[in-house]
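Enquirer: One structure coming up, written as structure tokens, with questions to follow.
In our numbering, the protein residues as written are 2 to 128.
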């Protein structure tokens, strides 16, 4: 491996500002929630989907930290995250007797707050 190839995968955090770190924290929280739920529910399909979502957040964090096409990562992160919020709402409230917001649990509230914050940060980073 040449020096140039090694540098491709080195951390490039010097250009990251406070907004970036807020987004990384929000993505880390959501990744932790999804990995925890996925580990509890695997090997069921829902558990696998949680694990994949958690790994998606971790992968995106890694790409931002190494500086790989950050604007593309931000742009992809918006629908990735919003689709998860939509699916969560549909599975939790649309076809169940549960009511929003009264029946939102603590873990769901923390995760969705982190995800919505992440979307706001990603939009701001794209501007």
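Ideal placement from N, C-alpha and C gives every residue a C-beta, glycine not left out.
Helix, strand or coil for residue 106, going by three-state DSSP, please let me know.
Expert: Indexing the chain shown from 1 puts residue 106 at position 105. Residue 106 falls in the coil class under three-state DSSP.
Enquirer: For residue 74 versus residue 117, is the C-beta distance shorter than 8 Å?
Expert: Residue mapping note: residue 74 aligns to position 73 of the chain shown, counting from 1. Residue mapping note: residue 117 aligns to position 116 of the chain shown, counting from 1. The answer is no: Cβ separation not under 8 Å.
Enquirer: In the structure shown, what three-state DSSP assignment does residue 137 receive?
Expert: Nothing about residue 137 can be reported from this structure: the residues present for the chain run from 2 to 128 only.
Enquirer: Could you give the residue range of the alpha helix (DSSP H) that holds residue 14?
Expert: Translated into positions along the chain shown, residue 14 becomes position 13. Premise fails: residue 14 is in no alpha helix (DSSP H) and is neither H nor E.
Enquirer: Have a look at residue 41 and residue 48 and give me their C-alpha separation to the nearest angstrom.
Expert: On the chain shown, residue 41 is found 40 positions in, with the first residue counted as 1. On the chain shown, residue 48 is found 47 positions in, with the first residue counted as 1. Each residue's Cα considered, the two are about 7 Å apart.
Enquirer: Counting along the chain, where does the alpha helix (DSSP H) carrying residue 69 start and finish?
Expert: As a first step, residue 69 must be located in the chain shown, where it is residue number 68. From DSSP, residue 69 is part of no alpha helix (DSSP H); its letter is neither H nor E.
Enquirer: Identify, in the order they occur along the chain, each residue of the same chain with its Cβ nearer than 8 Å to the Cβ of residue 109, setting aside the five sequence neighbours on each side.
Expert: Residue numbering aside, residue 109 sits at position 108 when the chain shown is read from its first letter. Only 89, 93 meet the Cβ criterion.
Enquirer: How is residue 80 classed by DSSP in three states: helix, strand or coil?
Expert: To locate residue 80, count along the chain shown from 1; it is residue 79. Reduced to three states, the DSSP call for residue 80 is helix.
Enquirer: Exposed or buried, which one is residue 55 when buried takes at least 16 other CB atoms within 10 Å?
Expert: By one-based count along the chain shown, residue 55 stands at place 54. When all chains shown are included, residue 55 counts as buried.
Enquirer: To the nearest angstrom, how far is the alpha carbon of residue 104 from that of residue 13?
Expert: Locating residue 104 in the chain shown gives position 103, where the first residue counts as 1. Locating residue 13 in the chain shown gives position 12, where the first residue counts as 1. Cα to Cα, the separation comes out at about 42 Å.
Enquirer: Shortest alpha-carbon distance to residue 80 belongs to which of 29, 58, 66, 96?
Expert: By one-based count along the chain shown, residue 80 stands at place 79. Selected option, being the one with the closest Cα: 58.
Enquirer: Answer yes or no: do residue 115 and residue 27 have a C-beta to C-beta separation smaller than 8 Å?
Expert: In the chain shown, residue 115 corresponds to position 114, counting from 1. In the chain shown, residue 27 corresponds to position 26, counting from 1. In this structure, residue 27 lies closer than 8 Å to residue 115 by Cβ.
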